[in-house]
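Novice:
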Amino acid sequence: MELPLEPFTKRLKTYLIYSCWVGVFFFGLYPTINWFTSTRSDFFALYMQAELAIPFIPAFVWFYLSMYLVFMLPVFFLNSPELKRLSSELILVTIAGAIIFLLFPAQLGFTRQLPESGLYRGIFEYIFALDKPHNLVPSLHVAYSVTIVLAIVRNSRSLVRYGLIIWLSGLILSTLFTHQHHLLDVFSGGLLSFFIYQLMDRRYEKITDSCRDAV
1 MELPLEPFTK RLKTYLIYSC WVGVFFFGLY PTINWFTSTR SDFFALYMQA ELAIPFIPAF
61 VWFYLSMYLV FMLPVFFLNS PELKRLSSEL ILVTIAGAII FLLFPAQLGF TRQLPESGLY
121 RGIFEYIFAL DKPHNLVPSL HVAYSVTIVL AIVRNSRSLV RYGLIIWLSG LILSTLFTHQ
181 HHLLDVFSGG LLSFFIYQLM DRRYEKITDS CRDAV
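Numbers 1 to 215, taken from the UniProt record's numbering, label the letters of the sequence shown in order.
The structure is reproduced here in structure tokens:
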């Protein structure tokens with residue numbers, strides 16, 4: 001069921017405030033661990049040899065980069081309480097991911113390659129410069145995207161729901177076809193997102209029950 005939306009200015013204010021908190025945790029943890037794991041040598045090969053046959057398709061980088069558009073969607077679909085919950089979920093995903101990265105620094109099985117096309121070459125050079133191939137399991141690219149889509153489709157119309165699921169499917173596949181992640185990374189990213197979602201569901205159910213008891 002689609003709920004009536006609050007005024008956009010109220011949603012935008014909440015979105016910006018809680019986006020800052022998500023940013024604090026992400027930029028405080030991810031780059032630091034990204035650098036730290038790049039200095040280590042005890043990497044885990046968390047992939048199957050058969051996965052290395054997955055083709056490299058540069059055009060999928062557009063789906064890959066579309067995650068940043070996914071981050072902009074919540075303000076158009078969620079009210080303030082939902083935005084607060086989503087920010088909590090994203091922060092928990094970030095913290096859990098950071099802990100796992102420290103425990104299981106992974107080695108990318110694919111040999112990173114640059115496309116011949118000038119446009120795609122520049123994009124992949126930028127991606128490779130920012131992201132070392134060790135913070136892999138779980139894929140935060142997948143975990144963040146799944147978490148946001150779950151929040152939006154909860155009370156959205158069928159057209160929005162199916163459109164986002166198709167978009168999410170392409171985005172998830174892009175992590176494989178751009179050779180940024182392996183199957184375990186994708187699976188664990190989705191699993192982490194669903195786990196945090198269920199955890200927050202139980203928390204909000206307890207809050208709702210407490211409010212009812214108080215009344």
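Ideal Cβ placement from N, Cα and C applies to all residues, glycine included.
Tell me, which residues are paired with Ala106 by DSSP?
Specialist: Its beta-bridge partners are Phe44.
Novice: On the premise that Gly190 lies in contact with Val153, defined as a C-beta separation below 8 Å, what is that separation, rounded to the nearest angstrom?
Specialist: In fact, because the Cβ distance is near 14 Å, the residues do not count as touching under 8 Å.
Novice: Inspect the beta-carbon positions of Asp194 and Phe56 and report whether they are closer than 9 Å.
Specialist: As written in the sequence, residue 194 is Phe, which differs from the Asp given in the question. Contact: no.
Novice: Take Thr97 and list the residues in its own chain whose beta-carbon comes closer than 6 Å to its own, dropping the five residues that flank it on each side.
Specialist: At residue 97 the sequence reads Gly, which differs from the Thr that was named. Contacts found: Pro138, Leu140.
Novice: Along the chain, where does the alpha helix (DSSP H) containing Lys13 start, and where does it finish?
Specialist: Residues 8-38.
Novice: Do Ser188 and Phe77 have their C-beta atoms closer together than 9 Å?
Specialist: No; because the gap between Cβ atoms is not below 9 Å, this pair is not in contact.
Novice: Please determine, among Phe104, Leu184, Phe128, the residue with the shortest C-alpha to C-alpha distance to Pro115.
Specialist: Among Phe104, Leu184, Phe128, the Cα nearest to that of Pro115 is on Phe128.
Novice: Quick check: the segment 67-75 against the segment 5-22, are at least 3 beta-carbon pairs closer than 8 Å?
Specialist: Yes, the segment 5-22 touches the segment 67-75.
Novice: With a cut-off of 8 Å, do at least 3 Cβ pairs link the segment 20-29 to the segment 78-98?
Specialist: As far as the Cβ criterion goes, the segment 20-29 touches the segment 78-98, which means the pair count is three or higher.
Novice: Can you tell which of Asp185, Glu51, Pro133, Leu168 has the C-alpha that lies nearest to the C-alpha of Met67?
Specialist: Per the Cα distances, Leu168.
Novice: Name the two residues that bound the continuous alpha helix (DSSP H) containing Pro74.
Specialist: Counting along the chain, the alpha helix (DSSP H) containing Pro74 begins and ends at 74-77.
Novice: Measure the C-alpha to C-alpha separation of Ile123 and Val61 and round it to an integer number of angstroms.
Specialist: Each residue's alpha carbon lies about 8 Å from the other.
Novice: Assuming Ser174 is part of the alpha helix (DSSP H), what are its boundary residues?
Specialist: Taken as a continuous stretch (DSSP letters only), the alpha helix (DSSP H) holding Ser174 covers 158-177.
Novice: How about Tyr15 and Leu90: are their beta carbons less than 9 Å apart?
Specialist: Contact: no.
Novice: Here's the rule I'm using: 16 or more other beta-carbon atoms within 10 Å means buried, otherwise exposed. How should Pro133 be labelled?
Specialist: By the 10 Å Cβ count, Pro133 comes out buried.
Novice: What's the C-alpha gap between Leu136 and Ile148?
Specialist: Each residue's alpha carbon lies about 20 Å from the other.
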